[in-house]
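See structure below.
Protein chains: 2
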Amino acid sequence: MNNTGHMSTESVAEKLDRRQRRTRTALRKALMELIIEKSFDAITLQDIVDRADISRATFYLHYKDKEDLLFKSMKDIYDELASKLHGIHNQDEVQKAVATGNHDYFCDPTDFQHVADHADFYRVVLSEQGVASFVVQVRKYLAQVMYTDFCGLIEAGSESRLPADFVAHTLAGAQVGAISWWLEHGKEYTPEQMSRLFYYQMAFGFWWALGAPAGSPPEDVNLD
Amino acid sequence: MNNTGHMSTESVAEKLDRRQRRTRTALRKALMELIIEKSFDAITLQDIVDRADISRATFYLHYKDKEDLLFKSMKDIYDELASKLHGIHNQDEVQKAVATGNHDYFCDPTDFQHVADHADFYRVVLSEQGVASFVVQVRKYLAQVMYTDFCGLIEAGSESRLPADFVAHTLAGAQVGAISWWLEHGKEYTPEQMSRLFYYQMAFGFWWALGAPAGSPPEDVNLD
DNA sequence: AAAGATAATGGACATCACGTTTAATATCTA
DNA sequence: TAGATATTAAACGTGATGTCCATTATCTTT
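Sequence lines, in order, name chains A and B. Sequential numbering of the first sequence, starting at 0, is according to numbering that gives the first Met the number 0. Sequential numbering of the second sequence, starting at 0, is according to numbering that gives the first Met the number 0.
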């Protein structure tokens, strides 16, 4: 644990010794390969170093254990998504979108495109054989992004009928559900189509989605 | 693995030797205690048998490994939920509800009440320290229940604008998100209130939830 | 290209949890 | 009570873990 910095991989990769870069790359590649072959729990440290062709002693010079490797590997993918979403989802953008009536803002295929780019990884890691911490982290991250959106939306003048963070976490869960469904059953849909399905569903509700008569939603929510 | 039948626990408990009943009860109780104390991965088999005061040899007479014990223990809780939902969610009931305009049917606190009854368990097992297979199983189970509802709803005469199984999986994910949020941040809400929040959110969509102008939803969905 | 610095290596090691086996003991059911 | 069956402690082999060290390979810098 003497060489393991806390900086994001790519950004400072140049500062690392070429040998260290090679080691880390090989280990992460090996883990990603293995994780789409069998469940994370079933992967042994020896599996990883064998696949990477790195000695076990070297592994411990870089990572604490296989969880540590997993988290730092996931961070790469996670950062990629974050950087794609960065700059898009902030209160200014939301208010601009609302002001101009730009629905496309809320119907953005970035998320689904990102998942499609890492389909094998997400399919496994979000599955029953997957990693609980990752599933939950993804949901929380999405919830946070959505919360920003909704706060911007509310700032734009509307008065929320339900707690914004409740809505955010609910929608984040919905998106994880949609993604999981997509990876397992919805292969015929493109990322663009998925984002449209998802937006329509969440924006207008299931009565509309199912073409059923909803009755009038209440003007105010009374929880008593 | 010679004594481990496939039947649900309670129903045939009487047929087991009293000693076997005692052993299994002790082991399941021990696991449930441990699982709310630390992550499932961190629980060792020795922890379980120590807590249960059962010898390790005996454990293996009943269960294959700790995963096996977990799944059979979870099945108790799972069956409890299933039996509560049984009879409520079938196409006849849905059609009756739609025909009589009974919104309460879709706004049923059973799920949230069940979660509240096992709050400690769900809080841990749905968390980052939790068990991926359980999170996914719960979501899939809820999706299946909802799918039945929606098929009944569509049978009742409406024409769906979005794929019913997509809607089901999305809503199931949303409910998991709502439950997780509730267990961590929404303690002030009762199960009844949660079911109301959830119904309103999912039934009428986030534009309504946030009190923002939605514009008109499209009459038909065009995915091209 | 050489020298000094640093990383990777294989191998050995103690440790731990696992899963199985045994003969003896405790507890059930009939 | 007797026979059947479940539980038990103890010991064992196995395989994965994490650490250490002396040696070798590879880098970076000059």
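We put the beta carbon where it would ideally sit given N, CA and C, even for glycine. On a predicted model such as this, the values are computed, not experimentally measured, just so you know.
- Flagged as an interface residue toward chain B: Y199/A, by a C-beta distance shorter than 8 Å.
- When the beta-carbon positions are compared, M201/A and A167/A stay at least 8 Å from each other.
- Listed in chain order, the alpha helix (DSSP H) elements of length 4 or more contained wholly in the region 72-102 of chain A are 90-98.
- Here the alpha carbons of Y198/B and H117/B stand approximately 22 Å from one another.
- Of all C-beta pairs linking the region 86-98 of chain B to the region 146-153 of chain B, three or more are shorter than 8 Å, placing the two stretches in contact.
- Rounded to the nearest whole angstrom, the C-alpha separation of L84/B and D119/B is 21 Å.
- Inter-segment contact for the region 137-151 of chain B and the region 181-197 of chain A is absent: fewer than three beta-carbon pairs are separated by less than 8 Å.
- Per DSSP, reduced to three states, the secondary structure at C106/A is coil, with no helix or strand assignment.
- Between L209/A and the set A211/B, P216/B and V137/B, the nearest pair of CA atoms involves P216/B.
- C-alpha of N101/A to C-alpha of V137/A: approximately 26 Å in a straight line.
- S72/B places its beta carbon less than 8 Å from that of R27/B.
- Taking a beta-carbon distance threshold of 8 Å, S132/B counts as an interface residue toward chain A.
- Chain-ordered, the chain A residues with CB closer than 8 Å to the CB of D164/B read W180 and H184.
- DSSP places V123/A inside the alpha helix (DSSP H), whose first and last residues are A118 to V124.
- Residue environment for S179/A: buried (at least 16 other C-beta atoms within 10 angstroms of its C-beta).
- In the three-state reduction of the DSSP assignment, D16/A falls in the coil class.
- For P216/A, the neighbours in chain B by C-beta distance under 8 Å run, in chain order, Y199, A202, F203 and W207.
- Nearest CB-CB separation between E154/A and chain B: not below the 8 Å threshold.
- A residue is called buried once 16 or more other Cβ atoms fall within 10 Å of its Cβ, and G204/A is buried on that count.
- Boundaries of the alpha helix (DSSP H) around G204/A: P190 to A208.
- The beta-carbon distance between I76/A and D107/A, rounded to whole angstroms, is 18 Å. This is too long to meet the 8 Å contact definition.
- Neighbours of S54/A across chain B, judged by C-beta separation under 7 Å, do not exist; the nearest C-beta is about 26 Å away.
- With 16 or more other CB atoms across the displayed protein chains lying within 10 angstroms of its CB, L170/A is buried.
- Taking 8 Å as the upper bound for CB-CB distance, Q192/B and L222/A are in contact here, some 5 Å apart.
- Residue contact with chain A for A211/B: present (Cβ-Cβ distance below 8 Å to some residue of chain A).
- From the beta-carbon of Q136/B, the residues of chain A found nearer than 7 Å are E127.
- Under the 8 Å criterion on CB atoms, T169/B is classed as interfacial with respect to chain A.
- For V135/B, the three-state secondary structure derived from DSSP is helix.
- Taking the Cα positions, V130/B is about 6 Å away from A131/A.
- According to the DSSP assignment, I47/A belongs to the alpha helix (DSSP H) that extends over L44 to A51.
- For H113/B, not one C-beta of chain A is nearer than 8 Å to its own C-beta.
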